Amino acid sequence: MEALSPLGYLLAGLAISWLVTRWLRPRHRYPPGPRGLPLVGSVFDVPTKDGWLVFRDWARKYDSDIVHVAALGKHICVLNSAAAAKELFEGRPHIYSDKENSVMLEELSGWWRSWVQLPYGARWREHRRRFHQHFRPLAVPQYHNQQTIGARRLLALLLDAPEGFSRHVRYAAGSVILDVVYAFDARPGDARIELVEKAVQTSEKLVHAGVYLVDIFPILKHVPAWFPGAGFKREAAGYKKLVDAMYHVPYDQYKAAMRDGTADPCFLGSLLSDVDLAAPKVDEDMYINLAGTTYAAGSDTTITALNVFVLAMILYPDVQRAAQAELDRVVGRAWLPEIADRDALPYVAALVQEVLRWHPPLPLTLPHRATTADTYAGYDIPRDCVVLANAWAILHDPTTYPDPHTFDPARFLHADGTPNAVPLPSAVFGVGRRACPGRYFAADMLFVFVAHLLAAFAIERVEGEEVREEFEPYAISPPKPFRARFTPRYGGVEELVRAVADV
Numbered sequence: 001m002e003a004l005s006p007l008g009y010l011l012a013g014l015a016i017s018w019l020v021t022r023w024l025r026p027r028h029r030y031p032p033g034p035r036g037l038p039l040v041g042s043v044f045d046v047p048t049k050d051g052w053l054v055f056r057d058w059a060r061k062y063d064s065d066i067v068h069v070a071a072l073g074k075h076i077c078v079l080n081s082a083a084a085a086k087e088l089f090e091g092r093p094h095i096y097s098d099k100e101n102s103v104m105l106e107e108l109s110g111w112w113r114s115w116v117q118l119p120y121g122a123r124w125r126e127h128r129r130r131f132h133q134h135f136r137p138l139a140v141p142q143y144h145n146q147q148t149i150g151a152r153r154l155l156a157l158l159l160d161a162p163e164g165f166s167r168h169v170r171y172a173a174g175s176v177i178l179d180v181v182y183a184f185d186a187r188p189g190d191a192r193i194e195l196v197e198k199a200v201q202t203s204e205k206l207v208h209a210g211v212y213l214v215d216i217f218p219i220l221k222h223v224p225a226w227f228p229g230a231g232f233k234r235e236a237a238g239y240k241k242l243v244d245a246m247y248h249v250p251y252d253q254y255k256a257a258m259r260d261g262t263a264d265p266c267f268l269g270s271l272l273s274d275v276d277l278a279a280p281k282v283d284e285d286m287y288i289n290l291a292g293t294t295y296a297a298g299s300d301t302t303i304t305a306l307n308v309f310v311l312a313m314i315l316y317p318d319v320q321r322a323a324q325a326e327l328d329r330v331v332g333r334a335w336l337p338e339i340a341d342r343d344a345l346p347y348v349a350a351l352v353q354e355v356l357r358w359h360p361p362l363p364l365t366l367p368h369r370a371t372t373a374d375t376y377a378g379y380d381i382p383r384d385c386v387v388l389a390n391a392w393a394i395l396h397d398p399t400t401y402p403d404p405h406t407f408d409p410a411r412f413l414h415a416d417g418t419p420n421a422v423p424l425p426s427a428v429f430g431v432g433r434r435a436c437p438g439r440y441f442a443a444d445m446l447f448v449f450v451a452h453l454l455a456a457f458a459i460e461r462v463e464g465e466e467v468r469e470e471f472e473p474y475a476i477s478p479p480k481p482f483r484a485r486f487t488p489r490y491g492g493v494e495e496l497v498r499a500v501a502d503v
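The sequence shown begins at 1 in full-length UniProt numbering and counts up by one.
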């Protein structure tokens with residue numbers, strides 16, 4: 001008989017090891033999901049795009065609101081119902097408040113500075129406490145003026161160049177955050193806004209690329225960048241330069257203004273107001289991280305949601321006209337809306353909620369980590385399992401939101417136009433202690449921008465061009481590129497906008 005080659009012995013050994021391990025390990029009843037293959041598990045079943053749709057389809061196939069996939073030794077559970085997300089993330093926070101670590105994203109590419117990525121513990125709680133002091137519901141109104149200035153700048157830019165909506169909204173949203181966090185008066189083309197865009201793109205590229213080998217085998221992070229196959233180290237080094245600059249450049253500029261006595265009040269100024277940075281044991285990184293993370297994350301949801309809004313207005317012109325009729329009736333045409341008008345504009349407020357429900361900017365919530373083994377609905381959730389909620393599936397549950405694929409703000413209103421008891425789409429901001437801490441600021445900013453756009457412009461498709469309900473299939477999911485036409489709604493719009501916009 002011909003002897004086995006060394007490779008044959010290796011493969012045979014791996015097969016025997018797998019069989020022995022499978023025989024000896026405890027039997028678990030994991031939630032349903034693809035069966036997978038020996039050794040690698042369901043690595044070929046893990047979706048690399050449109051994950052929210054794949055996981056929703058699994059939930060239907062297996063008739064379970066929790067589904068499971070195991071790949072290369074990593075367990076992932078996805079919650080596809082509001083009840084499951086609430087029970088685990090809100091009802092068992094002692095188990096599900098931690099997060100999954102990514103060597104490539106955090107350690108190598110510099111995103112460890114994003115305090116929302118910190119492991120659950122005292123340091124995370126201290127960051128969250130300080131942030132919450134400035135962005136809790138009662139604190140957010142102090143930023144309404146800056147949000148209004150940003151919205152009116154957007155209107156003025158659209159009057160000058162209506163074809164540049166995506167570019168204008170990135171500037172307008174970015175200028176609001178830059179003002180709130182650092183008290184900088186950014187103008188179109190400001191290098192600091194461009195810097196944050198480039199830095200945020202690094203995280204999007206890393207997420208789009210999928211799982212890096214260094215995240216499976218962390219020891220690879222010690223491989224030198226020149227070593228063959230270590231291209232990920234060179235890639236991460238380039239990303240880290242951008243991320244470090246995004247955090248340090250505006251922070252250092254504000255510190256210089258403080259030394260000169262020219263710094264204006266802002267979020268960072270409030271954080272540093274009673275801190276002696278020269279004192280020993282002062283955690284300056286905490287202040288750098290708090291300011292930079294707010295700056296990076298603050299505009300992203302708004303930009304994506306505003307592009308979803310414009311798409312919906314093109315596809316659902318009757319909804320647009322109904323909202324504009326309410327604005328004309330309540331605010332009139334001699335002035336622009338303010339957030340103080342929100343209670344008198346229930347249809348516009350419902351429209352904003354429907355934007356978030358119809359296509360959430362992050363269809364899958366950020367991943368949590370189970371710190372201990374747990375059970376749900378009779379299924380085992382192993383320790384260190386990655387657990388995330390499918391916000392898109394939750395917000396398209398037909399038992400809560402009938403005809404969920406239709407954009408219909410009236411679903412949140414009684415027949416007389418007053419708000420009803422249909423749950424607002426809070427899942428869009430996450431669930432539990434890891435929910436987006438800036439959600440109140442983001443919700444108010446979205447209302448201000450949407451109300452201004454509806455008051456000033458008729459939003460239509462460009463003549464001769466087809467606009468489709470299509471979205472990018474990645475973690476942050478804006479509409480696929482399309483063009484829109486912004487036409488002033490009435491004769492006095494331009495004069496009104498020019499009179500109040502500071503551009």
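From the three backbone atoms N, C-alpha and C, an ideal C-beta is built for every residue, glycine too.
Just so it is clear, the structure is predicted and the values come from calculations on it, not from any experiment.
Open item on the list: Closest to VAL352 by C-alpha separation, out of THR304, VAL386, TRP335, ALA334, would be which residue?
Closed with: As a position in the sequence shown, residue 352 is number 352, starting the count at 1. If we check each option's Cα against that of VAL352, THR304 comes out closest.
Task: N- and C-terminal bounds of the beta strand (DSSP E) containing ALA484 - done: Translated into positions along the sequence shown, residue 484 becomes position 484. Counting along the chain, the unbroken beta strand (DSSP E) around ALA484 starts and ends at 484 to 488.
Task: Cβ pair residue 552, TYR490 closer than 8 Å - done: The structure shown does not extend to residue 552, since the chain is modelled only from 1 to 503, so the question has no answer here.
Open item on the list: Quick check on SER109: buried or exposed, where buried means 16 or more other Cβ atoms within 10 Å of its Cβ?
Closed with: Position 109 of the sequence shown, counted from the start, is the residue given in the question as residue 109. The residue in question, SER109, is buried, as its Cβ has 16 or more Cβ neighbours within 10 Å.
TODO: Since I believe PHE441 is in contact with ARG135 (beta carbons under 8 Å), could you give me their beta-carbon distance rounded to a whole number of angstroms?
DONE: Locating residue 135 in the sequence shown gives position 135, where the first residue counts as 1. Locating residue 441 in the sequence shown gives position 441, where the first residue counts as 1. Going by the sequence as given, residue 135 is Phe instead of Arg. Yes, PHE135 and PHE441 are in contact; Cβ-Cβ is about 5 Å, under 8 Å.
TODO: Label LYS233 either buried or exposed according to how many other C-beta atoms from any shown protein chain fall within 10 Å of its C-beta, with 16 as the threshold for buried.
DONE: The residue labelled residue 233 in the question sits at position 233 within the sequence shown. LYS233 counts as buried, since at least 16 other C-beta atoms from the protein chains shown sit within 10 angstroms of its C-beta.
Task: For HIS368, three-class secondary structure by DSSP - done: Counting from one through the sequence shown, the residue named residue 368 turns up at place 368. HIS368 sits in a strand when the DSSP states are folded into three classes.
Open item on the list: Could you give the first and the last residue of the continuous beta strand (DSSP E) run that contains VAL249?
Closed with: Start at 1 with the first residue of the sequence shown, and residue 249 comes out as number 249. Looking at the DSSP string, VAL249 is not in any beta strand (DSSP E); the run it does join, the alpha helix (DSSP H), is 231 to 260.
- [ ] Could you tell me which residues DSSP pairs with GLY41 in its beta bridges?
- [x] Working through the sequence shown from its first residue, we reach residue 41 at position 41. LEU37, ALA71, per the DSSP bridge assignment.
Task: Beta-bridge partners of CYS77, as assigned by DSSP - done: In the sequence shown, residue 77 corresponds to position 77, counting from 1. Looking at the DSSP assignment, CYS77 forms a beta bridge with HIS68, VAL387.
Task: Three CB pairs or more closer than 8 Å across the stretch 333 to 345 and the stretch 478 to 485 - done: no
Task: Alpha carbon of THR400 to alpha carbon of GLU100, nearest angstrom - done: If you number the sequence shown from 1, residue 400 lands on position 400. If you number the sequence shown from 1, residue 100 lands on position 100. Approximately 30 Å between the Cα atoms of the pair.
Open item on the list: Along the chain, where does the beta strand (DSSP E) containing TYR376 start, and where does it finish?
Closed with: Your numbering for residue 376 matches position 376 in the sequence shown. 374 to 376 is the span of the beta strand (DSSP E), which, as asked, contains TYR376.
Open item on the list: Please classify GLY464 as buried or exposed, where buried requires at least 16 neighbouring CB atoms within 10 angstroms.
Closed with: By one-based count along the sequence shown, residue 464 stands at place 464. Exposed, by the Cβ-count rule.
Task: Own chain partners of MET313 with C-beta closer than 6 Å, once the 5 adjacent residues on each side are dropped - done: Locating residue 313 in the sequence shown gives position 313, counting from the first residue. For MET313, where only same-chain residues beyond five positions count, the Cβ hits under 6 Å are GLN320, ILE459.
Open item on the list: Can you find the residues in the same chain that come closer than 8 Å, C-beta to C-beta, to ASP67, ignoring five residues on each side of it along the sequence?
Closed with: Stepping through the sequence shown from its first residue, residue 67 is reached at position 67. Looking at the sequence itself, residue 67 is Val, so the reference to Asp does not match. Excluding sequence neighbours, VAL67 sits near PRO31, PRO32, GLY33, PHE55, TRP58, ALA59, CYS77, VAL78, ASN80.
Open item on the list: Taking 6 Å as the limit between beta carbons, can you name the residues of its chain near TYR247, skipping five residues before and five after?
Closed with: Position 247 of the sequence shown holds residue 247. Answer for TYR247: ARG113, ILE288, GLY292, listed in chain order.
- [ ] Whole angstroms is fine: what's the gap from VAL282's alpha carbon to ARG129's?
- [x] Numbered from its first residue, the sequence shown carries residue 282 at position 282. Numbered from its first residue, the sequence shown carries residue 129 at position 129. Going from the Cα of VAL282 to the Cα of ARG129 covers about 17 Å.
Task: Run of the alpha helix (DSSP H) containing ILE303, from where it starts to where it stops - done: For the purposes of this step, residue 303 is taken as residue 303 along the sequence shown, with counting starting at 1. Its alpha helix (DSSP H) spans residues 300 to 315.
TODO: Measuring alpha carbon to alpha carbon, tell me which of ASP179, PHE165, GLN142, ASN307 ends up nearest GLU472.
DONE: Along the sequence shown, read from residue 1 onward, the residue named residue 472 stands at position 472. Among ASP179, PHE165, GLN142, ASN307, the Cα nearest to that of GLU472 belongs to ASN307.
Open item on the list: Tell me the rounded alpha-carbon separation between PHE184 and VAL330.
Closed with: Against the sequence shown, residue 184 aligns to sequence position 184. Against the sequence shown, residue 330 aligns to sequence position 330. Looking at the two C-alpha atoms, the distance is approximately 34 Å.
Task: Pairwise C-alpha distance: GLU494 and LEU159 - done: Taking the sequence shown and counting its residues from 1, the one referred to as residue 159 is at position 159. Taking the sequence shown and counting its residues from 1, the one referred to as residue 494 is at position 494. Going by the C-alpha atoms only, they are around 7 Å apart.
TODO: Please classify GLU354: is it buried, with 16 or more other beta-carbons within 10 angstroms of its beta-carbon, or exposed?
DONE: Numbered from its first residue, the sequence shown carries residue 354 at position 354. So GLU354 counts as buried.
Task: Cutoff 7 Å; reference ASP244; Cβ partners in own chain excluding five residues on either side - done: Translated into the one-based positions of the sequence shown, residue 244 becomes position 244. Within the same chain, ASP244 has close Cβ partners GLY110.
- [ ] Note down, in chain order, each residue of its chain lying with its Cβ closer than 7 Å to the Cβ of PRO224, except the 5 sequence neighbours on either side.
- [x] For the purposes of this step, residue 224 is taken as residue 224 along the sequence shown, with counting starting at 1. The answer, listed in chain order, is ALA230.
Open item on the list: Buried or exposed for ASP300, going by 16 or more other Cβ atoms inside 10 Å?
Closed with: Residue numbering aside, residue 300 sits at position 300 when the sequence shown is read from its first letter. Looking at its Cβ environment, which holds 16 or more other Cβ atoms inside 10 Å, ASP300 is buried.
Open item on the list: Please state whether the Cβ-Cβ distance between LEU356 and VAL428 is less than 8 Å.
Closed with: Residue mapping note: residue 356 aligns to position 356 of the sequence shown, counting from 1. Residue mapping note: residue 428 aligns to position 428 of the sequence shown, counting from 1. Cβ atoms of LEU356 and VAL428: closer than 8 Å.
Task: Residues of its chain near LEU220, where Cβ-Cβ distance is below 7 Å and the 5 sequence neighbours each way are ignored - done: By 1-based counting over the sequence shown, the position of residue 220 is 220. Result list for LEU220: LEU213, VAL214, in chain order.
Task: Given MET445 as reference, the closest of ARG342, GLU90, THR375 once Cα atoms are compared - done: In the sequence shown, residue 445 corresponds to position 445, counting from 1. Nearest option by C-alpha distance: ARG342.
Open item on the list: Looking at the secondary structure, which residues open and close the alpha helix (DSSP H) in which ILE149 lies?
Closed with: Along the sequence shown, one-based indexing puts residue 149 at 149. Looking at the DSSP string, the run of the alpha helix (DSSP H) that includes ILE149 is 144 to 160.
Task: VAL422 CB to nearest heavy atom of the ligand GTP below 7 Å - done: The model depicted lacks the ligand GTP and carries no ligand whatsoever.
Task: Short Cβ contact (8 Å threshold) for SER477 with PRO361 - done: Indexing the sequence shown from 1 puts residue 477 at position 477. Indexing the sequence shown from 1 puts residue 361 at position 361. Taking 8 Å as the cut-off, the Cβ atoms of SER477 and PRO361 count as close.
Task: Cβ-Cβ distance between PRO419 and PHE412 below 8 Å - done: For this step, residue 419 is matched to residue 419 along the sequence shown. For this step, residue 412 is matched to residue 412 along the sequence shown. A contact, by the Cβ cut-off of 8 Å.
Open item on the list: Can you tell me whether TYR379 is helix, strand or coil according to DSSP?
Closed with: Within the sequence shown, residue 379 is the residue found at index 379, counting from 1. Reduced to three states, the DSSP call for TYR379 is strand.
Task: Alpha-carbon spacing of ARG383 relative to LEU88, whole angstroms - done: Counting from 1 along the sequence shown, the entry for residue 383 is found at position 383. Counting from 1 along the sequence shown, the entry for residue 88 is found at position 88. Roughly 14 Å between the two C-alpha positions.
- [ ] Throw me the rounded Cβ distance for the ALA456 and THR302 pair, which I believe falls under 8 Å.
- [x] Here residue 456 refers to the residue found at position 456 when the sequence shown is read from its first residue. Here residue 302 refers to the residue found at position 302 when the sequence shown is read from its first residue. At roughly 18 Å, the Cβ-Cβ gap does not stay under 8 Å, so ALA456 and THR302 are not in contact.
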